[in-house]
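Under the numbering used here, the letters of the sequence shown match residues 72 to 174, in that order.
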Amino acid sequence: MDKTETENFNLENDFKEDALFIIDSLQICIDNFGFSESLRKEIDIFFEQEHSIHEEDISGKIAGIYMAFLGKTDFKNKESTSNKELLSQLKKEIAEVRELLND
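Here is the structure:
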């Protein structure tokens with residue numbers, strides 16, 4: 072990803088806005104099959120913040136998506152069956168997090 076996301080991330084926002092920004096960014100990474108260093112830094116900042124118990128649950132789900140994308144994606148073979156299955160699953164998980172945030 073060429074565009075840095077840091078200009079859109081603001082620690083003054085509330086949890087929901089920050090979480091939506093992170094999952095929207097992860098969705099873009101999945102769709103474009105890439106990941107930027109600036110997003111990695113923003114995600115780290117997001118996880119370092121203190122959250123309520125409910126927010127921690129959602130934050131944990133976001134962490135799972137993030138770690139699965141980085142840890143399980145075969146970046147050398149974009150078209151692999153395992154990537155297609157993984158990315159499909161991650162998109163479903165992102166949709167679930169969006170639902171939680173909109174409840």
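All C-beta atoms, glycine included, are put in the ideal place defined by N, C-alpha and C.
Because the structure is a prediction, the values reported are computed rather than measured.
Between LYS155 and LEU91, the alpha-carbon positions lie close to 23 Å from each other. Spatial neighbours of ILE136 in its own chain (CB-CB distance under 8 Å, excluding positions within 5 residues in sequence) are listed in chain order as ILE94, LEU97, LEU161, GLU164, ILE165, VAL168. Judged by DSSP in its simplified three-state form, GLN160 adopts helix. Counting only residues of its own chain and dropping the five nearest sequence neighbours on each side, LEU171 has a CB closer than 6 Å to the CB of ILE129. Between the segment 142-158 and the segment 108-120, the count of Cβ pairs shorter than 8 Å is below three; the stretches do not touch.
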